[in-house]
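The structure appears right after this line, and notes come after that.
There are 2 protein chains.
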Amino acid sequence: MKKLINKKEDIVNEMILGMIKAFPNSIENVKDLPIIIRKDKKIEKVALISGGGSGHEPAHGGFVGYGMLDAAVAGEVFTSPSADKVYEAIKAVDSGKGVVLIIKNYSGDIMNFEMAAEMAEIEGIKVGKVIVDDDIAVENSTYTVGRRGIAGTIFVHKILGAAAEKGYSLEELEKLGNKVVENIKTMGMSLKSCTVFTTGKNSFDLPEDEVEIGLGIHGEPGTHREKFKDANTHVDYLLEKILLESKIGKEKVAVLINGLGETTLIELFIINNRVADILKEKNITIEKTLVGNYMTSLDMGGFSITILKLDDEIEELLKYKSDTIALKTF
Amino acid sequence: MKKLINKKEDIVNEMILGMIKAFPNSIENVKDLPIIIRKDKKIEKVALISGGGSGHEPAHGGFVGYGMLDAAVAGEVFTSPSADKVYEAIKAVDSGKGVVLIIKNYSGDIMNFEMAAEMAEIEGIKVGKVIVDDDIAVENSTYTVGRRGIAGTIFVHKILGAAAEKGYSLEELEKLGNKVVENIKTMGMSLKSCTVFTTGKNSFDLPEDEVEIGLGIHGEPGTHREKFKDANTHVDYLLEKILLESKIGKEKVAVLINGLGETTLIELFIINNRVADILKEKNITIEKTLVGNYMTSLDMGGFSITILKLDDEIEELLKYKSDTIALKTF
Numbered sequence: 001m002k003k004l005i006n007k008k009e010d011i012v013n014e015m016i017l018g019m020i021k022a023f024p025n026s027i028e029n030v031k032d033l034p035i036i037i038r039k040d041k042k043i044e045k046v047a048l049i050s051g052g053g054s055g056h057e058p059a060h061g062g063f064v065g066y067g068m069l070d071a072a073v074a075g076e077v078f079t080s081p082s083a084d085k086v087y088e089a090i091k092a093v094d095s096g097k098g099v100v101l102i103i104k105n106y107s108g109d110i111m112n113f114e115m116a117a118e119m120a121e122i123e124g125i126k127v128g129k130v131i132v133d134d135d136i137a138v139e140n141s142t143y144t145v146g147r148r149g150i151a152g153t154i155f156v157h158k159i160l161g162a163a164a165e166k167g168y169s170l171e172e173l174e175k176l177g178n179k180v181v182e183n184i185k186t187m188g189m190s191l192k193s194c195t196v197f198t199t200g201k202n203s204f205d206l207p208e209d210e211v212e213i214g215l216g217i218h219g220e221p222g223t224h225r226e227k228f229k230d231a232n233t234h235v236d237y238l239l240e241k242i243l244l245e246s247k248i249g250k251e252k253v254a255v256l257i258n259g260l261g262e263t264t265l266i267e268l269f270i271i272n273n274r275v276a277d278i279l280k281e282k283n284i285t286i287e288k289t290l291v292g293n294y295m296t297s298l299d300m301g302g303f304s305i306t307i308l309k310l311d312d313e314i315e316e317l318l319k320y321k322s323d324t325i326a327l328k329t330f
Numbered sequence: 001m002k003k004l005i006n007k008k009e010d011i012v013n014e015m016i017l018g019m020i021k022a023f024p025n026s027i028e029n030v031k032d033l034p035i036i037i038r039k040d041k042k043i044e045k046v047a048l049i050s051g052g053g054s055g056h057e058p059a060h061g062g063f064v065g066y067g068m069l070d071a072a073v074a075g076e077v078f079t080s081p082s083a084d085k086v087y088e089a090i091k092a093v094d095s096g097k098g099v100v101l102i103i104k105n106y107s108g109d110i111m112n113f114e115m116a117a118e119m120a121e122i123e124g125i126k127v128g129k130v131i132v133d134d135d136i137a138v139e140n141s142t143y144t145v146g147r148r149g150i151a152g153t154i155f156v157h158k159i160l161g162a163a164a165e166k167g168y169s170l171e172e173l174e175k176l177g178n179k180v181v182e183n184i185k186t187m188g189m190s191l192k193s194c195t196v197f198t199t200g201k202n203s204f205d206l207p208e209d210e211v212e213i214g215l216g217i218h219g220e221p222g223t224h225r226e227k228f229k230d231a232n233t234h235v236d237y238l239l240e241k242i243l244l245e246s247k248i249g250k251e252k253v254a255v256l257i258n259g260l261g262e263t264t265l266i267e268l269f270i271i272n273n274r275v276a277d278i279l280k281e282k283n284i285t286i287e288k289t290l291v292g293n294y295m296t297s298l299d300m301g302g303f304s305i306t307i308l309k310l311d312d313e314i315e316e317l318l319k320y321k322s323d324t325i326a327l328k329t330f
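These protein sequences, in sequence, are chains P and C. Position one of the first sequence corresponds to residue 1 (full-length UniProt numbering), numbered consecutively onward. Position one of the second sequence corresponds to residue 1 (full-length UniProt numbering), numbered consecutively onward.
This is the structure we're talking about:
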């Protein structure tokens, strides 16, 4: 395996240090742990924490900042962070108004984040949670009971982050979070496995002319494999599934075309071209589009499409300003 | 080749349309050509245009916007745009104060951009140019007389973009541009060739355990190949070359850790961790760091390091606000 790392046991730590050295005025870590927090933390609002295994960058550390997360806890590559670390993050960012955990639906994350919540509650910190399960491809899967949480999680960071800045209470954030999750539907496909940095192995193997439809962001199986065709054919299939599941009429939506790692912006914009055309045909109004690598799977080839159905509240929060370190131009 | 495209002849056009449909309030194209311009164009300032072959996204279309470029002209993948197209871009963005072309040093780009400048000058439009040759790896190469222009070009977009907004004249922008180019030094390496979308072939072949040091962004040969070692060893080598060439004392600098395509943010931040440590050791102050995919080579694996030496003028311009479509979070 040729990957630009040093010792395998230092991957996450060196990444976290490299992030902090790139944005020393915006972020710092907690007790030398792989926990990124805002430097301007402890303001009087409910704090938001997300996290999970590493390998999905810029998620989640990149989304720490004004209007999004207060902290992100990074586990080893594709491995949930321990409850202890999540607990340290909770203590570091609570301002007395409580903390909401945004958790992608994987059994390991659920267990560790919930255990951390219990530890914090014993200390008198109020903790709420929002579980994201936006992947419509399959019910139950490797590591997951129910549906998986994937790229749509970014919208939860954004909407709840805005609401927290605007002074929503913990209970209001949980309620809003559940509504937002209900409105987010994602499905993706892969053209190439990722190389898992810690093992040096592919997360799965795929014949040269086949794609895996509906897989998860750790390479968990999807619904099926099929012959590779072309961008539009695959987009049409995925988008039809998503729209069916979203029960969309003529609502407004936000769209996320998410790259899994090695897929180029050329391809992601070609995909967006098709998605935009189909939504226009169906008289669905796109209020916001994001195109790029938001929730990756190391160097995997492929993408996902997320549709977020908007109502007035969600639309207003989506337009609220945010300033995070991810994907900065200047 | 499994790439998310449709017909090969539609790659660039569908990408441009996909960009415009993602950011319909910010950008548009000119006469259905692959030319991205600001929607708020024609304000009273010198206009800036860059461009070149496609395959380097988000460069250059992604950097069209306030405080950076007024237009970007896209050729086919790894192919210079024709003089006609550059000429159309010049006509579209000139406000009467003239246009400065920011050209990466490749023979094809130089020829076509200069021809376009001549065509525009016949029409009475003043055209200046700044040629970027930041790649210190080799003198002369495939497609290039002299040194190549690579990722450091982004700093030229930024600094000149700010200066243009502040009212610099065409002559002042050319002079500033030449100073900035003189202060930018870049060198990179590759771990994996890219797949050229139009041919379906690798741009070069590299044994599983070797890397190519100092290669160009179209896969042009670098200085040599060597066995892959680890991130820090390769970073140390590249950075030493760059610092030597920069003749840096204890100045302030800006740093760009640029991914070539499939290289993950984990790796880029690990690289930045080392770069920041070495610069600190040498008492060089980092005023700004960028880490991510700014100037890619399709799905190539690898990275480059750019150091921009700052003086007071450049530092002030670097901090000027900009708002482009590339790498948006929200």
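Cβ atoms here follow ideal geometry from the backbone N, Cα and C, with glycine treated the same way.
Per-residue burial, residue i [other beta carbons within 10 Å of its own, 16 or more giving buried]
i	result
residue 100 of chain P	buried
residue 15 of chain C	buried
residue 145 of chain C	exposed
residue 230 of chain P	exposed
residue 267 of chain P	buried
residue 301 of chain C	buried
residue 139 of chain P	exposed
residue 207 of chain P	exposed
residue 9 of chain P	exposed
residue 178 of chain C	exposed
residue 262 of chain C	buried
residue 18 of chain P	buried
residue 286 of chain P	buried
residue 309 of chain P	buried
Min CB distance residue i to chain C below 7 Å
i	result
residue 5 of chain P	yes
residue 162 of chain P	no
residue 59 of chain P	no
residue 181 of chain P	no
residue 78 of chain P	no
residue 14 of chain P	yes
residue 313 of chain P	no
Any chain P beta carbon closer than 7 Å to residue i
i	result
residue 285 of chain C	no
residue 18 of chain C	yes
residue 228 of chain C	yes
residue 232 of chain C	yes
residue 187 of chain C	no
residue 267 of chain C	yes
residue 273 of chain C	yes
residue 22 of chain C	yes
residue 122 of chain C	no
residue 151 of chain C	no
From the options, residue whose alpha carbon lies closest to that of residue i
i	options	result
residue 40 of chain P	P:25, P:54 and P:46	P:25
residue 104 of chain C	C:152, C:57, C:120 and C:63	C:152
residue 241 of chain P	P:118, P:91, P:137 and P:47	P:137
residue 36 of chain P	P:45, P:271, P:52 and P:156	P:52
residue 282 of chain P	P:247, P:32 and P:5	P:247
residue 233 of chain C	C:274, C:160 and C:220	C:274
residue 313 of chain P	P:48, P:305, P:304 and P:176	P:176
residue 299 of chain P	P:73, P:21, P:191 and P:118	P:191
residue 254 of chain C	C:185, C:235 and C:21	C:185
residue 215 of chain C	C:86, C:238 and C:17	C:238
residue 27 of chain P	P:256, P:44, P:194 and P:73	P:73
residue 67 of chain P	P:166, P:79 and P:183	P:166
Residue(s) in a DSSP beta bridge with residue i
i	result
residue 143 of chain P	Partner(s): none; residue 143 of chain P has no beta bridge.
residue 190 of chain C	C:212 and C:302
residue 54 of chain C	C:77
residue 256 of chain C	C:290 and C:306
residue 41 of chain C	In the DSSP output, where bridge partners are listed per residue, residue 41 of chain C has none listed.
residue 128 of chain C	C:100
residue 64 of chain C	C:69
residue 311 of chain P	Answer by DSSP bridge pairing: none, since residue 311 of chain P is not bridged.
residue 261 of chain P	P:300
Does the stretch 209–220 of chain C touch the stretch 309–324 of chain C, meaning 3 or more C-beta pairs lie closer than 8 Å? At 8 Å Cβ cutoff, the stretches do not touch.
Does the structure place the stretch 291–299 of chain C close enough to the stretch 254–270 of chain C that three or more beta carbon pairs sit under 8 Å? With a cut-off of 8 Å, the stretch 291–299 of chain C and the stretch 254–270 of chain C count as touching, because enough Cβ pairs lie within range.
Determine, using beta-carbon pairs with one atom in the stretch 160–172 of chain P and one in the stretch 304–320 of chain P, whether at least three such pairs fall under 8 Å. In the pairwise beta carbon analysis, the stretch 160–172 of chain P is classified as touching the stretch 304–320 of chain P: at least three pairs are separated by under 8 Å.
Per the contact definition of three or more C-beta pairs closer than 8 Å, is the stretch 194–203 of chain P in contact with the stretch 81–91 of chain P? Too few Cβ pairs lie closer than 8 Å, so no.
Select from the stretch 287–300 of chain P all residues with a C-beta closer than 9 Å to any C-beta belonging to chain D, and list them in chain order. Although the question refers to chain D, the structure presented lacks it and instead comprises the protein chains P and C.
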